[in-house]
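**Student:**
Protein chains: 2
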Amino acid sequence: MSTPGLENDVTEKFKGAFRHHPAGVALVTGIAPDGPVGLTLSSVASVSADPAVLVFSVTRATGSAGGILAAPSALVHFLVAGQEPIADAFARTGQPRFTAEQGFQTLPTGEPFLPSARIAVRGTIRETHPVGPSALVLLDVLDVLEGTPGAPLLYVDRHYDSLVSSAAAVEVPRG
Amino acid sequence: MSTPGLENDVTEKFKGAFRHHPAGVALVTGIAPDGPVGLTLSSVASVSADPAVLVFSVTRATGSAGGILAAPSALVHFLVAGQEPIADAFARTGQPRFTAEQGFQTLPTGEPFLPSARIAVRGTIRETHPVGPSALVLLDVLDVLEGTPGAPLLYVDRHYDSLVSSAAAVEVPRG
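As given, the protein sequences belong to chains R and F, one line each in that order. Under the UniProt record's numbering, think of the first position of the first sequence as 1, with each following residue one higher. Under the UniProt record's numbering, think of the first position of the second sequence as 1, with each following residue one higher.
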């Protein structure tokens, strides 16, 4: 997709602009034909509340993204401080996933559910739109599952962080 | 779009799930046929770096959203701590916009540019996708403009906040 000069320059500047743009961290899971799949996301946003629709993007080349796109439904978990190891395991290839220690349960509908996440939103894919090497995914929300309260996990400047403000007097597990 | 019972229940639970999902705050501006327009966004995400494409969503009913969708180009600013009044002015109707105090400049290409923002990404609309009362907007990025360094502004749980971590040793203006 690259052309030399200006185009690459825009790509690098664009990456730099987003490096410091903070994003809540989410984990999407599903049950694909080959088994459970999961992927860490920093691009989840609400598009519409009625109908309830959310959006995220994935890099199409990865196996996990293919699995999520092929799964009949998806479960988007909002992660909390203390879940950095899980976020990391599902962000990089070759990390252990769905281990006993991570504490996933299986919903009656088949998706891996992480009850230690703050909350999870279950839905079916409404539309996908390819954009270069990525795909934008719109999810029609069917249900919302309560998890465990915690300080929202953030990703910014290539590290995980969390927000502890006076307005959110939440105990933040460290470690 | 509402039906009684389950649907509304999902809508309320969905709003609750996103209430605590932190998001970086951005301001999109453009020059519409009727003059400059701007809108505060908490849904900006990178979709692809090469080609450089970002996504955000707007509520189609508002005049500002219509202006952005009609403008030949758009400028997405990433806001910093201290810019809460500007974020607020462009998030609600009836607030003063593009005042001398807010410090906008006009780019040679016509868009209002806020040099006090951390950085701004200029582009043209690649695609829009209606989703219920909203529209998802994909922006093809043409250029990136440096602004003024600062701690990224966040929106979470109905208030603005900023992240001051050990990794981001940035002086945070308050007030």
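Where a beta carbon is used, it is the ideal one built from N, C-alpha and C, also for glycine.
1) So, with DSSP's three-state summary, where would you put Leu69 (chain F)?
2) Between which residues of its own chain and Leu41 (chain F) is the CB-CB distance below 6 angstroms, once the five residues before and five after are set aside?
3) Could you give the DSSP three-state label for Ser64 (chain F): helix, strand or coil?
4) Using a 10 Å radius around the Cβ and a threshold of 16 neighbouring Cβ atoms, would you call Asn8 (chain F) buried or exposed?
5) Taking the CB atoms as reference points, tell me whether Pro51 (chain F) and Thr62 (chain R) lie closer together than 9 angstroms.
6) Can you tell me which of F:Val141, F:Gly147, F:Thr124 and F:Val131 puts its alpha carbon nearest to the alpha carbon of Ala70 (chain F)?
7) DSSP has Glu146 (chain F) in a bridge; who is on the other side?
8) By DSSP, does Val25 (chain F) sit in helix, in strand, or in coil?
9) Among residues of its own chain, excluding the 5 on either side of Tyr155 (chain R), which ones have a beta-carbon nearer than 6 angstroms to its beta-carbon?
10) What residues of chain F sit near Val10 (chain R), judged by a beta carbon separation below 8 angstroms?
11) State the start and end residues of the unbroken alpha helix (DSSP H) segment that holds Ala74 (chain F).
12) Look at Leu145 (chain R) and Leu75 (chain R) and say whether their C-beta atoms are less than 9 angstroms apart.
13) Is it true that the CB of Gly147 (chain F) sits closer than 9 angstroms to the CB of His77 (chain F)?
14) Determine whether the beta carbon atoms of Pro133 (chain R) and Val80 (chain R) lie at a separation below 9 angstroms.
15) Would you say Ile119 (chain F) reaches chain R, if we count a Cβ-Cβ gap shorter than 9 angstroms as a contact?
16) In chain R, what lies closer than 7 angstroms to Leu114 (chain F) by C-beta?
17) So which residues of chain R does Ala49 (chain F) contact, with C-beta pairs closer than 7 angstroms?
18) DSSP three-state label for Val156 (chain R), please.
19) Residues of the stretch 29 to 49 of chain F in Cβ contact with chain R at a cutoff of 8 angstroms, in chain order, please.
20) Since Leu154 (chain R) meets chain F, which of its residues come closer than 7 angstroms, beta carbon to beta carbon?
21) Can you pull the chain B residues whose beta carbon is under 7 angstroms from the beta carbon of Val131 (chain R), in chain order?
22) In angstroms with no decimal places, state the Cα-to-Cα distance between Ala64 (chain R) and Gln105 (chain F).
23) Going along chain F, which residues have a C-beta under 9 angstroms from residue 176 (chain R)?
24) Run the proximity test for Gly24 (chain F): is its beta-carbon closer than 8 angstroms to any non-hydrogen atom belonging to the ligand ZN?
25) In terms of residue numbering, what span does the alpha helix (DSSP H) encompassing Ala85 (chain R) cover?
26) Determine the DSSP secondary structure at Ala17 (chain R), reduced to helix, strand or coil.
27) By the criterion of Cβ-Cβ separation under 7 angstroms, what are the contact partners of Phe18 (chain R) in chain F?
28) Please list, in chain order, all residues of the same chain as Asp157 (chain R) whose beta carbon is under 7 angstroms from its beta carbon, the five residues on each side excluded.
29) Which stretch, first to last residue, makes up the beta strand (DSSP E) that contains Phe56 (chain R)?
30) Tell me whether Pro72 (chain F) is buried or exposed, calling it buried when 16 or more other Cβ atoms sit within 10 Å of its Cβ.
31) Examine chain R for any beta-carbon lying closer than 9 angstroms to the beta-carbon of residue 176 (chain F), and answer yes or no.
32) Examine chain R for any beta-carbon lying closer than 9 angstroms to the beta-carbon of Phe78 (chain F), and answer yes or no.
**Tutor:** Let me spell this out:
1) Within the second sequence, numbered from 1, the residue matching residue 69 (chain F) stands at position 69. Leu69 (chain F) falls in the helix class under three-state DSSP.
2) Taking the first residue of the second sequence as 1, we reach residue 41 (chain F) at position 41. Correct list, in chain order: Ala26, Val28 and Phe56.
3) By one-based count along the second sequence, residue 64 (chain F) stands at place 64. DSSP places Ser64 (chain F) in helix when its eight states are reduced to three.
4) Position 8 of the second sequence, counting from 1, holds the residue named residue 8 (chain F). Exposed, by the Cβ-count rule.
5) Position 51 of the second sequence, counted from the first residue, corresponds to residue 51 (chain F). Position 62 of the first sequence, counted from the first residue, corresponds to residue 62 (chain R). Cβ atoms of Pro51 (chain F) and Thr62 (chain R): not closer than 9 angstroms.
6) Position 70 of the second sequence, counting from 1, holds the residue named residue 70 (chain F). It is F:Thr124 whose Cα lies nearest to the Cα of Ala70 (chain F).
7) Residue 146 (chain F) sits at position 146 when you count from the first residue of the second sequence. DSSP, once it has assigned bridges, lists F:Ile119 as partnering Glu146 (chain F).
8) As a position in the second sequence, residue 25 (chain F) is number 25, starting the count at 1. Coil at Val25 (chain F), not helix or strand.
9) Here residue 155 (chain R) refers to the residue found at position 155 when the first sequence is read from its first residue. Cβ neighbours of Tyr155 (chain R) beyond the five flanking positions: Ala23, Val25 and Ser42.
10) Within the first sequence, the letter at position 10 stands for residue 10 (chain R). By Cβ distance, chain F contributes Ala52, Val141, Leu142, Asp143 and Val144.
11) The count along the second sequence starts at 1 and reaches residue 74 (chain F) at position 74. Note, Ala74 (chain F): premise wrong, no alpha helix (DSSP H); beta strand (DSSP E) at Ala74 to Phe78.
12) Translated into positions along the first sequence, residue 145 (chain R) becomes position 145. Translated into positions along the first sequence, residue 75 (chain R) becomes position 75. Against a cut-off of 9 angstroms, the Cβ pair of Leu75 (chain R) and Leu145 (chain R) comes out as a contact.
13) Here residue 77 (chain F) refers to the residue found at position 77 of the second sequence. Here residue 147 (chain F) refers to the residue found at position 147 of the second sequence. Cβ atoms of His77 (chain F) and Gly147 (chain F): closer than 9 angstroms.
14) Residue numbering aside, residue 133 (chain R) sits at position 133 when the first sequence is read from its first letter. Residue numbering aside, residue 80 (chain R) sits at position 80 when the first sequence is read from its first letter. It is not a contact, given that the beta carbons lie outside the stated cut-off.
15) Taking the first residue of the second sequence as 1, we reach residue 119 (chain F) at position 119. Taking Cβ atoms only, chain R reaches closer than 9 angstroms to Ile119 (chain F), which makes this a yes.
16) Taking the second sequence and counting its residues from 1, the one referred to as residue 114 (chain F) is at position 114. Correct list: empty, because the minimum Cβ distance to chain R is about 14 angstroms.
17) Locating residue 49 (chain F) in the second sequence gives position 49, where the first residue counts as 1. Under the 7 angstroms cutoff, chain R gives Thr11, Phe14 and Lys15.
18) On the first sequence, position 156 is the one that residue 156 (chain R) refers to. If DSSP states are grouped into helix, strand and coil, Val156 (chain R) belongs with the strands.
19) Ser42, Ser43, Val44, Ala45, Ser46, Val47, Ser48 and Ala49
20) For the purposes of this step, residue 154 (chain R) is taken as residue 154 along the first sequence, with counting starting at 1. Simply Pro22 and Leu163.
21) Of the protein chains in this structure, namely R and F, none is chain B.
22) Working through the first sequence from its first residue, we reach residue 64 (chain R) at position 64. Working through the second sequence from its first residue, we reach residue 105 (chain F) at position 105. One detail in the question is off: residue 64 (chain R) reads as Ser in this sequence, not Ala. Whole-angstrom Cα-Cα distance: 44 angstroms.
23) Residue 176 (chain R) is absent from the model: chain R starts at 1 and stops at 175.
24) For the structure depicted, the ligand ZN is absent and the ligand set is empty, with no information on it obtainable.
25) Translated into positions along the first sequence, residue 85 (chain R) becomes position 85. The sequence shown places Pro at residue 85 (chain R), rather than the Ala named in the question. Element bounds for Pro85 (chain R): Glu84 to Ala89.
26) One-based indexing of the first sequence puts residue 17 (chain R) at position 17. Three-state DSSP puts Ala17 (chain R) in a helix.
27) For this step, residue 18 (chain R) is matched to residue 18 along the first sequence. Here the neighbours are Ser46.
28) Position 157 of the first sequence holds residue 157 (chain R). So the qualifying residues of the chain are Arg19 and His20.
29) Here residue 56 (chain R) refers to the residue found at position 56 of the first sequence. Segment Ala52 to Thr59, the beta strand (DSSP E) holding Phe56 (chain R).
30) Here the question's residue 72 (chain F) lines up with position 72 in the second sequence. Exposed.
31) The shown model of chain F, from 1 to 175, leaves out residue 176 (chain F), and the question about it has no answer.
32) For this step, residue 78 (chain F) is matched to residue 78 along the second sequence. Cβ-Cβ to chain R under 9 angstroms: yes for Phe78 (chain F).
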